[in-house]
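Only one structure is covered here, and it is reproduced in the block below.
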Amino acid sequence: MSVDTSRALAVILLALISLLITLILRRPNRLFSGGRHALPQKLDLVPLESDQVNEEASQLLGFLEGRLRGFGFERAGPISQALRPDRSKYRYLVVPFVQADEATVLLTAVETAAHARAELMLHFVTRMSGDRTVETSTLTGLGEIPPPPGVELVVVLDAGSVDEIWSLHRRALTRHARRERMPTAGADCIPLATATYAAWIQAAVRAQRLRLGKPGTYRIRTRPRSTV
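If you read the sequence shown in our numbering, its first letter stands for residue 1, the second for the next number, and so on.
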């Protein structure tokens, strides 16, 4: 195979992956709104080796990481998988990224299944002074829940690209002085992911969007419980 042919195939592959990410970002995300999933009460992650990640998820994450490098993000930890309370694995892969200059962490989750295409979730978090955060998420279900105390949320309903979502987060940050941002490093990503998950779980419980499931889990309610 000639060098020119190899380059052409590489360009086509990148274009196809880019199109796939665009389609995924435009699909309704089910991680918080599908009603059929059990959610762990606490986020528990186990690192994976590269050969434990399926090909589709690996390609998506590889393309995403390349795009994020252009925005100054760096991978802040290994690809990890969420664990159930019984230590079996959910099909969610979590990858943290950090942009130190913007004091922002990106929590990326990929839902993988053997019978379906991967689902991609992006959740940007910037810590602010006074125990506040500015968050931008593709998790549409979060828009139906009153945010946790101190959280300013932007939900992206119909993003066409990662670039667009990052632009929306940076626009939200312009409503605050830069000096309000708390310095953030790669070591902060997993603790911040755990704290962010816990805060939104409690917000969903208060909004009666979750009910107790099997030990250590919640189930998603399709409708809030009536208080009448």
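Virtual Cβ for every residue (Gly too), placed ideally from N, Cα, C.
Quick caveat, the model's predicted, so the values are computed rather than measured.
Whose C-alpha, out of the options, is nearest the C-alpha of residue i?
{"i": "residue 80", "options": "107, 209, 71 and 99", "result": "107"}
{"i": "residue 159", "options": "183, 49 and 123", "result": "123"}
{"i": "residue 55", "options": "98, 194, 93 and 83", "result": "93"}
{"i": "residue 101", "options": "84, 121 and 74", "result": "74"}
{"i": "residue 150", "options": "134, 157, 141 and 140", "result": "134"}
{"i": "residue 161", "options": "50, 45, 58 and 63", "result": "63"}
{"i": "residue 190", "options": "82, 61 and 181", "result": "82"}
{"i": "residue 185", "options": "204, 89, 78 and 98", "result": "98"}
{"i": "residue 57", "options": "77, 90, 110 and 95", "result": "110"}
{"i": "residue 183", "options": "195, 67 and 104", "result": "104"}
{"i": "residue 47", "options": "136, 67, 90 and 220", "result": "90"}
{"i": "residue 144", "options": "180, 221 and 84", "result": "221"}
{"i": "residue 166", "options": "202, 84, 132 and 72", "result": "72"}
{"i": "residue 201", "options": "88, 170 and 146", "result": "146"}
{"i": "residue 196", "options": "206, 168, 156 and 132", "result": "132"}
{"i": "residue 78", "options": "61, 66 and 199", "result": "61"}
{"i": "residue 84", "options": "139, 207, 155 and 45", "result": "45"}
{"i": "residue 180", "options": "67, 65, 130 and 121", "result": "130"}
Quick check on DSSP: helix, strand or coil for residue i?
{"i": "residue 164", "result": "helix"}
{"i": "residue 109", "result": "strand"}
{"i": "residue 82", "result": "strand"}
{"i": "residue 156", "result": "coil"}
{"i": "residue 140", "result": "helix"}
{"i": "residue 201", "result": "helix"}
{"i": "residue 38", "result": "strand"}
{"i": "residue 65", "result": "helix"}
{"i": "residue 171", "result": "helix"}
{"i": "residue 208", "result": "coil"}
{"i": "residue 120", "result": "strand"}
{"i": "residue 180", "result": "helix"}
{"i": "residue 147", "result": "coil"}
Determine whether the Cβ of residue i lies closer than 8 Å to any Cβ atom of chain C.
{"i": "residue 131", "result": "Absence of chain C from the displayed structure is noted, only one protein chain being present."}
Counting C-beta neighbours from all protein chains within 10 Å, is the total for residue i 16 or more, i.e. buried, or is it exposed?
{"i": "residue 119", "result": "buried"}
{"i": "residue 52", "result": "exposed"}
{"i": "residue 193", "result": "buried"}
{"i": "residue 15", "result": "Bear in mind that the predicted position of residue 15 carries a pLDDT of just 34, short of 50, making it too unreliable to give a figure here."}
{"i": "residue 209", "result": "buried"}
{"i": "residue 148", "result": "buried"}
{"i": "residue 95", "result": "buried"}
{"i": "residue 76", "result": "buried"}
{"i": "residue 204", "result": "buried"}
{"i": "residue 141", "result": "buried"}
{"i": "residue 137", "result": "buried"}
{"i": "residue 212", "result": "exposed"}
{"i": "residue 163", "result": "exposed"}
{"i": "residue 188", "result": "buried"}
{"i": "residue 25", "result": "Below a pLDDT of 50, predicted positions are generally treated as unreliable, and residue 25, at 40, falls in that range; no measurement from the model is reported."}
{"i": "residue 153", "result": "buried"}
{"i": "residue 157", "result": "exposed"}
Cβ of residue i versus every heavy atom of the ligand MN: is any distance shorter than 7 Å?
{"i": "residue 160", "result": "Although the ligand MN was asked about, the structure shown includes no ligands whatsoever."}
Could you tell me whether the segment 39-53 touches the segment 207-219, using the rule of 3 or more Cβ pairs below 8 Å?
-> yes
Decide yes or no for the touch test of the segment 120-134 against the segment 171-178: beta carbon pairs closer than 8 Å, at least 3 of them.
-> Judged by Cβ distances under 8 Å, the segment 120-134 makes contact with the segment 171-178, as three or more pairs qualify.
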